[in-house]
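Numbering (our numbering), first residue to last: 399 to 787.
For each residue, glycine too, the CB sits at the ideal point set by N, CA and C.
Note that the structure is predicted; figures quoted are calculated from it, not measured.
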Amino acid sequence: MIRPKLSSRRPLAVLGATVLGLAAALAVAVPASAHHSAVSGVFECLPATGEYEITWTVTSDAPAEVQKFKFTDVLAKKYVGNQFTKVDVPGIAKTEGDNYPHDAHGSVTGKHRVPGNSTGASLQVMAKWDNGTEEFKWNRDDVALGGDCKKDVPPTTPPPTTPPTTPPTTPPAEPKAAKPTADVETDCDGTALVALSNGDDATAPAVFVVTDGTGTAGKPVTVAPGKTETVEIPADKATRVKVTAEGVEKPLFDAAPPANTTCIDGTYEATCDDLTFTIANPADGETVNATFTPNTGEKKTLTVEPGKSGSVTFAGTSGLTVVGAVEGYEAGAPVSWDEDKPEDCGGGGGGLPVTGAAAGGIAAGALVLLAAGIALFVVARRRRLTFTV
């Protein structure tokens, strides 16, 4: 993603930064290792339909006092070669609302079918438990499919009444070796996410090499059978990605990473008269719910459907600050109208508006306090709210 730089605008992390002390307290109170969701998948070919049936199991691990959990995000895909399509898994879906329907010490199972020419499938989830602990990193598993599941076709003519005296013998088919796969996605800040997977039925580890857009090859990545490892390529080097695997003649992927069409864009504008927040939701996104709370007066809510945008405005008064919170993202730091309004508002207003731009940057749930004058940036679920003009 390319962010334009305008001399009349200055960056401010809106709807992104959280208080460092609160993060430290949460890190001590709720260790991340005490809550975990794990994904595993198995498959079988159904000759009656010529489809693969995949069974996914998501297991929750949580302390004894935790009772329930829910899914905050679910993403399932089927693959034919390097092309993927999003699919639904009945029984494993994003939980709407504030309910927690699943046992925190059990598992959730779902099944779905994909065409017989499919070469792979994946499921990745993020979970939240009823004590407030939430995952901000995908937990994922992949299954490698042969792409050769075919429907049994009955003979067009009836079988002979007398069997042949010497039935023909057909040598057993040799099992196909598991093929390593590479799945490349793009984060909202332009980072390329390269998922390297080795099939469940592989007999040996797979060795991958990932080369970025500058032609620099990274260190070999060894992936055990049935496992997936993810390599990140920074945005400035992710113009092209090439993935090769030891023993495979052709590259598994060699192209520009696909564009991410689900990132939310937002703006804020301070004038001599008021303070306005705007959210633009891409057509491929999900409905966005946001709450804006001033230090004085009534809070305002904003719901933006996919493909649309919306705004809320607060009258500019001395000392006004507004805190924004978008569902699914970290709460933002207060925005001050006094600090962001044009400098020449005294007596008559009419100054130029000031806008801010948020930039994404660190691992989910972690905070880095930079030197004075530098903004504090936050990542949430690998989706970043980027403010542009």
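Round the Cβ separation of P704 and G683 to the nearest angstrom and send it over; I've been treating them as touching at under 8 Å. 5 Å
Reference V541, options R511, T555, N529 and K549, closest by Cα: R511
Which of the three DSSP states, helix, strand or coil, is assigned to A460? coil
Could you please give the first and the last residue of the uninterrupted alpha helix (DSSP H) stretch that includes W735? W735 to D738
Please state whether the Cβ-Cβ distance between A525 and L543 is less than 8 Å. no
Alpha carbon of D550 to alpha carbon of T665, nearest angstrom: 57 Å
Proximity below 8 Å, CB of D663 to CB of A713: no
Could you pull the start and end residues of the beta strand (DSSP E) that N638 belongs to? It is worth fixing the name first, because residue 638 is Arg in this sequence and not Asn. Note, R638: premise wrong, no beta strand (DSSP E); not H, not E.
Name the DSSP beta bridge partners of N537, please? V523
8 Å CB neighbourhood of G719 in its chain, flanking five on each side removed: Residue 719 is actually Thr in this sequence, not Gly. These residues qualify, in order along the chain: P692, N693, P732, V733, S734 and W735.
Can you give, in chain order, each stretch of the alpha helix (DSSP H) that sits fully within the segment 580-630 and has at least 4 residues? none
Is there contact between the segment 451-458 and the segment 499-516, where contact requires at least three CB pairs shorter than 8 Å? yes
Can you tell me whether L594 is buried or exposed? The criterion is at least 16 other CB atoms within 10 Å of its CB, across all chains shown. buried
Sequence-distant residues of the same chain with beta carbon closer than 7 Å to V506, five excluded per side: V456, G489, I490 and H500
What whole-angstrom Cβ distance do V686 and V724 have, given they're in contact under 8 Å? 6 Å
Quick one: grab the DSSP three-state call for A731. coil
Taking the CB atoms as reference points, tell me whether T578 and A643 lie closer together than 8 Å. One point to set straight first is that residue 578 is Pro, not Thr, in the sequence displayed. With respect to A643, P578 sits close: the two C-beta atoms are nearer than 8 Å.
From A653, Q465, H434 and K476, residue whose alpha carbon lies closest to that of F441: K476
From A668 to I677, what distance separates their C-alpha atoms? If I take the Cα positions, the gap works out to 15 Å.
Simplified DSSP state of A681, which is helix, strand or coil: coil
C-beta contact flag for C547 and C443 at 8 Å: yes
State yes or no: is the C-beta of T584 within less than 8 Å of the C-beta of P632? no
Going by DSSP in three states, A643 sits in which element: helix, strand or coil? strand
Just verifying my parser: in three-state terms, what is the DSSP assignment at A491? coil
Contact check, E533 vs S435 under 8 Å by CB: the rounded distance? 6 Å
List the residues that DSSP assigns as beta-bridge partners of Q481. Bridge partners of Q481: V478.
Tell me whether the beta-carbon of V354 lies closer than 8 Å to the beta-carbon of V592. Lying outside 399 to 787, the shown extent of the chain, residue 354 is not represented and no answer is given.
Taking buried to mean at least 16 other C-beta atoms within 10 Å of its own C-beta, is V398 buried or exposed? Residue 398 lies beyond the residue range present for the chain, which begins at 399 and ends at 787; the question has no answer from this structure.
Among residues of its own chain, excluding the 5 on either side of A636, which ones have a beta-carbon nearer than 8 Å to its beta-carbon? T584, G588, T589, A590, D610, G611 and P655
Taking C-alpha atoms, which residue in A600, K484 and V641 lies nearest to A622? The residue with the shortest Cα to Cα distance from A622 is A600.
Are V523 and V472 close, meaning C-beta to C-beta below 8 Å? Taking 8 Å as the Cβ cut-off, V523 and V472 qualify as a contacting pair.
Who does I662 pair with in a DSSP beta bridge? DSSP output for I662 lists no bridge partner at all.
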